[in-house]
Amino acid sequence: MRERGAQRAFLLLAIFAAVSMMTLLDATAQKPTRDDVQAAYLYNFGKFVRWPGDPSRRPMLVCVAGEDPFAETLRKLVEGEQIDGRPLEVRNLDRPDGVSDCSILFIGAEQRDREDSFLSAAAGKPILTVSDSPDFLDRGGMIQFVLVEDHVRFEVNLDECNRHRVGLSSELLKVAAAVTAKSAGGTR
Amino acid sequence: MRPGSSSISAKLTWMNVVVSATVLVLATLAFFSWDVISFRRDLVHNLESSAQIVGTNSVSALLFDDQQSAATTLQALRNSPDVVSAALVTTDGTTFAEYERGANVAPAPVRALDPGTNDQSWISGRHVLLAHRIIFQGKPVGTVYIAAELTETGSRARQYLEIAIGVLLICMAAGLLIGSAARRLVARPIVALAETARQVSRERDYAVRAASHPDNDEIAVLIDSFNEMLGQIQERDTALNRAREQLEARVQERTAALRAANRELEAFSYTVAHDLRGPLDAVQGMVYILEGIEGENRVAERVEILEQLRQATRTMASLIDDLLNLSRASTAALKRQKVDMTAIVTGIAEGLRRGEPERRVEFMIAQVPEIEADEGLVRVALDNLVRNAWKYSSRHETSCIEFGAINRRGEIIYYVRDDGAGFDPKLNDQLFQPFHRLHSRSEFPGTGIGLATVQRILARHGGQIWAEGAVEKGATFWFTLKSGATAAA
Numbered sequence: 001m002r003e004r005g006a007q008r009a010f011l012l013l014a015i016f017a018a019v020s021m022m023t024l025l026d027a028t029a030q031k032p033t034r035d036d037v038q039a040a041y042l043y044n045f046g047k048f049v050r051w052p053g054d055p056s057r058r059p060m061l062v063c064v065a066g067e068d069p070f071a072e073t074l075r076k077l078v079e080g081e082q083i084d085g086r087p088l089e090v091r092n093l094d095r096p097d098g099v100s101d102c103s104i105l106f107i108g109a110e111q112r113d114r115e116d117s118f119l120s121a122a123a124g125k126p127i128l129t130v131s132d133s134p135d136f137l138d139r140g141g142m143i144q145f146v147l148v149e150d151h152v153r154f155e156v157n158l159d160e161c162n163r164h165r166v167g168l169s170s171e172l173l174k175v176a177a178a179v180t181a182k183s184a185g186g187t188r
Numbered sequence: 001m002r003p004g005s006s007s008i009s010a011k012l013t014w015m016n017v018v019v020s021a022t023v024l025v026l027a028t029l030a031f032f033s034w035d036v037i038s039f040r041r042d043l044v045h046n047l048e049s050s051a052q053i054v055g056t057n058s059v060s061a062l063l064f065d066d067q068q069s070a071a072t073t074l075q076a077l078r079n080s081p082d083v084v085s086a087a088l089v090t091t092d093g094t095t096f097a098e099y100e101r102g103a104n105v106a107p108a109p110v111r112a113l114d115p116g117t118n119d120q121s122w123i124s125g126r127h128v129l130l131a132h133r134i135i136f137q138g139k140p141v142g143t144v145y146i147a148a149e150l151t152e153t154g155s156r157a158r159q160y161l162e163i164a165i166g167v168l169l170i171c172m173a174a175g176l177l178i179g180s181a182a183r184r185l186v187a188r189p190i191v192a193l194a195e196t197a198r199q200v201s202r203e204r205d206y207a208v209r210a211a212s213h214p215d216n217d218e219i220a221v222l223i224d225s226f227n228e229m230l231g232q233i234q235e236r237d238t239a240l241n242r243a244r245e246q247l248e249a250r251v252q253e254r255t256a257a258l259r260a261a262n263r264e265l266e267a268f269s270y271t272v273a274h275d276l277r278g279p280l281d282a283v284q285g286m287v288y289i290l291e292g293i294e295g296e297n298r299v300a301e302r303v304e305i306l307e308q309l310r311q312a313t314r315t316m317a318s319l320i321d322d323l324l325n326l327s328r329a330s331t332a333a334l335k336r337q338k339v340d341m342t343a344i345v346t347g348i349a350e351g352l353r354r355g356e357p358e359r360r361v362e363f364m365i366a367q368v369p370e371i372e373a374d375e376g377l378v379r380v381a382l383d384n385l386v387r388n389a390w391k392y393s394s395r396h397e398t399s400c401i402e403f404g405a406i407n408r409r410g411e412i413i414y415y416v417r418d419d420g421a422g423f424d425p426k427l428n429d430q431l432f433q434p435f436h437r438l439h440s441r442s443e444f445p446g447t448g449i450g451l452a453t454v455q456r457i458l459a460r461h462g463g464q465i466w467a468e469g470a471v472e473k474g475a476t477f478w479f480t481l482k483s484g485a486t487a488a489a
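Chains as they are written, first to last, in the numbering used here: chain A, 1 to 188; chain S, 1 to 489.
Here it is as structure tokens:
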């Protein structure tokens, strides 16, 4: 009888372990990385932003500053996708002087030391600047990814957007974690 | 109101109420059914709109994984009272956000959309489930599910019922009002007519009339016909009364006539008996005298008495003959044949002249047309008239007796005229009554039956007789006869 009880205990333990393993495996397989989420967000930003002029018929250029592996993630994601009939193109920018054609410029936290030069290059141009480095908005950035309760969220500097004639949809602002707008006189 | 008179107006009122109630119930049912159908359609339509709005507003939340924003968007459905619960489902089938009206409300059921459709609704009883696939930039982002309950249907039914009952009450009031109008228009004339009919049959007063109806409808025709019928009945009633009165008057008249005739007959019988008694007394007296006369030397005396005896019996015989003539004139059947009155009068005149050849009398006999009549009776009548003329002119030295006819307005009037003793015109009406004699027997002999007989004969021939005359100026007897026609006695 005792041997039987030990057997049953072992069996239960085995089943528990198996279930736990499966759940864990499932979680690792399903759970997207922060880069995945940020890539998807970046792609989706394109759908809620209105640039000045008539940029149709040209591919939408999404630039990634420096040799950031994020570019590869993004490239995989937007492969074959279109926004408003415009194909998407992901480009790595080694130097800031190539920002002119970009619609969206992502400056990763790893590129913190070159951030200023890229922002200066983009200054005055209708380029949506996005970063995941802290206090990016204070330095003149437009959208900054933040982690809220382990969820990727983003904050918006609406003044910078307006100054660069980058129109953000209210839908986008609605889901932003915070919107900085001195002219509007409020923070969300 | 009497039950008898109220029935028609009550029926009309009930008819109004029943018709309006039926119409109202049917109309309410129709409107309610239509309302339920359109309400459901509108509800589904509204839900679709809501789903689209929710979907559009949820795009960014879904794309940027903002469950809080999605939940806020779903909370907007709070303003739709029919929405019980809602859910936002991502493309991989996980529930992204949910909305429930109350704490004990089950989450919205999630059912797979048919492939190829973006909007779908399922209705079972009072529950409606609506799904809307959110498409953004040509790609599905997620699906909105909205579950609703047709809770308003029940309250709407109750509202409809309240309205229907209210309208029904108004209809009933209107029905009563219309009923009173209908009573005035339809029932009242009929009731009045019935009342008149009852009065007529109760009091037998055919002079009353139903009040006429201003409209030109069947009731007016009924009333007019009724009045006309009353008029006819009244006329007939009056005629009947008049006929009865006439009949009574005639009966009285006839009774009086019969009484007079009876009296006359009694007088006649008395006179006949008296007149027969006279010669009979004479005969008896003379027979008595004859018995007393004896001896050969009294032959002359006896012969004279016998002569008187013969005279008395002759008088009696002539009286009896006249009575027989009168009787025959009254009762004998008429045998019509061609009669030549001129020939008869000529014959009579010749007979008279032969009987008294010493008299100087001139006869003027006109030729008159032949007639159809009973020859025997006409002969008796003419014999009486001519003999009268002969007799009453006997006191004059010479005399003239005429017979002729005149034509007055198509009617032939015969006459017999003499220039003898005549008569007092005041006694004209007694002339033709039996035994009424205008002259004494000693003056002119006669039975007093002759003219009565003549009148009877002429009457039987549908004719008349009348006389004109004056004392010592002669007399004219006019008479008519209906040739060929049979007249009553």
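Where a beta carbon is used, it is the ideal one built from N, C-alpha and C, also for glycine.
The structure presented is a predicted model; accordingly, all values stated were derived computationally and were not measured.
Would you tell me roughly how many angstroms separate the C-alpha atoms of residue i and residue j, rounded to the nearest one?
i	j	result
residue 23/S	residue 181/S	21 angstroms
residue 93/A	residue 162/A	25 angstroms
residue 88/A	residue 62/A	7 angstroms
residue 480/S	residue 272/S	29 angstroms
residue 116/S	residue 126/S	27 angstroms
residue 202/A	residue 47/A	Residue numbering for chain A in the displayed model covers 1 to 188; residue 202/A lies beyond these limits and cannot be assessed.
residue 87/S	residue 151/A	21 angstroms
residue 394/S	residue 417/S	14 angstroms
residue 115/A	residue 55/S	38 angstroms
residue 363/S	residue 280/S	37 angstroms
residue 304/S	residue 278/S	19 angstroms
Given that residue i touches chain A, what residues does it touch there, using C-beta distances under 7 angstroms?
i	result
residue 66/S	175
residue 63/S	44
Using a cut-off of 8 angstroms between C-beta atoms, extract the partners of residue i located in chain A.
i	result
residue 69/S	174, 175
residue 59/S	171
Report, in whole angstroms, the separation of the C-beta atoms of residue i and residue j, which I expect to be a contact under 8 angstroms.
i	j	result
residue 84/S	residue 131/S	At roughly 15 angstroms, the Cβ-Cβ gap does not stay under 8 angstroms, so residue 84/S and residue 131/S are not in contact.
residue 46/S	residue 20/S	About 36 angstroms separates the two Cβ atoms, so there is no contact after all.
residue 58/S	residue 174/A	Their Cβ separation, rounded to whole angstroms, is 10 angstroms, which puts residue 58/S and residue 174/A out of contact at 8 angstroms.
residue 106/A	residue 70/A	7 angstroms
residue 219/S	residue 178/S	17 angstroms between Cβ atoms; not a contact.
residue 341/S	residue 382/S	6 angstroms
residue 146/S	residue 51/S	5 angstroms
residue 200/S	residue 230/S	7 angstroms
So, does the CB of residue i fall closer than 8 angstroms to a CB anywhere in chain B?
i	result
residue 151/A	In the displayed structure, chain B is absent; the protein chains listed are A and S.
Can you name the residues of chain S whose CB is closer than 7 angstroms to the CB of residue i?
i	result
residue 79/A	Under the 7 angstroms cutoff, chain S gives no residues; its nearest Cβ is about 14 angstroms from residue 79/A.
Any beta-carbon of chain A closer than 8 angstroms to the one on residue i?
i	result
residue 129/S	no
residue 77/S	no
For residue i, would you say it is in contact with chain S, using Cβ-to-Cβ distances shorter than 8 angstroms as the test?
i	result
residue 27/A	Reliability of the predicted coordinates at residue 27/A is poor, the pLDDT of 48 falling under 50, and the value obtained from them is presented with this limitation in mind. No - not a single Cβ of chain S is within 8 angstroms of the one on residue 27/A.
residue 83/A	yes
residue 178/A	no
Residue i touches chain S at which residues, Cβ-Cβ below 8 angstroms?
i	result
residue 218/A	Limits of chain A in this structure are 1 at one end and 188 at the other, which puts residue 218/A out of reach.
Pull the bridge partners of residue i from the DSSP assignment, please.
i	result
residue 478/S	415/S, 466/S
residue 122/S	129/S
residue 401/S	363/S
residue 89/A	61/A
residue 205/S	None, per the DSSP bridge assignment.
residue 430/S	DSSP output for residue 430/S lists no bridge partner at all.
residue 140/S	135/S
residue 145/S	87/S, 131/S
residue 99/S	86/S
residue 105/A	63/A, 129/A
residue 461/S	According to DSSP, residue 461/S bridges with nothing at all.
residue 144/A	131/A, 155/A
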